[in-house]
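Residue numbers for the sequence shown follow this note's numbering, beginning at 250 and rising by one. Just so you know, even glycine gets a beta-carbon here, dropped at the ideal spot from N, CA and C. These notes concern the structure reproduced below.
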Amino acid sequence: MNSEYQQAMLERMQMLEEALDRAEAGVATPDDWLTIRHECGMPARQSLTETKENHGTNSESISGRKLQTSTSGAAPCALLSNYRPGYSIL
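Structure follows, in structure tokens:
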């Protein structure tokens, strides 16, 4: 069971790393953003339609945005707990 857990964690980390790579390149898919938000403990975003209905306009677009990390040394994602500014997570 322990090896199954480790395998699952490795797969989650790989999915997150791939999603982050695409986000940094500006080509992240909606599923990539869901993965990133989930791993960072953030709720799923409202759809563009829901946002327009609730607020009249989309207040923030994730299309083409680059992921920004904290410079404090502590990344928001649990799987990136070893991240340090200036060092590659890969």
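Considering only C-alpha positions, which residue in the set the options is nearest to residue i?
| i | options | result |
| --- | --- | --- |
| A268 | R286, Y254 and R294 | R286 |
| M258 | E288, Q295, P292 and R294 | E288 |
Assuming the contact rule is C-beta atoms closer than 8 Å, residue i and residue j should be a hit. Round their C-beta distance to whole Å, please.
| i | j | result |
| --- | --- | --- |
| T284 | L265 | 6 Å |
Are residue i and residue j close, meaning C-beta to C-beta below 8 Å?
| i | j | result |
| --- | --- | --- |
| A272 | D281 | yes |
Please state the DSSP three-state secondary structure of residue i.
| i | result |
| --- | --- |
| A293 | coil |
| R261 | helix |
| T278 | coil |
| E309 | At E309, the pLDDT of 43 sits below 50, so the modelled position is not reliable and the matter cannot be decided from this model. |
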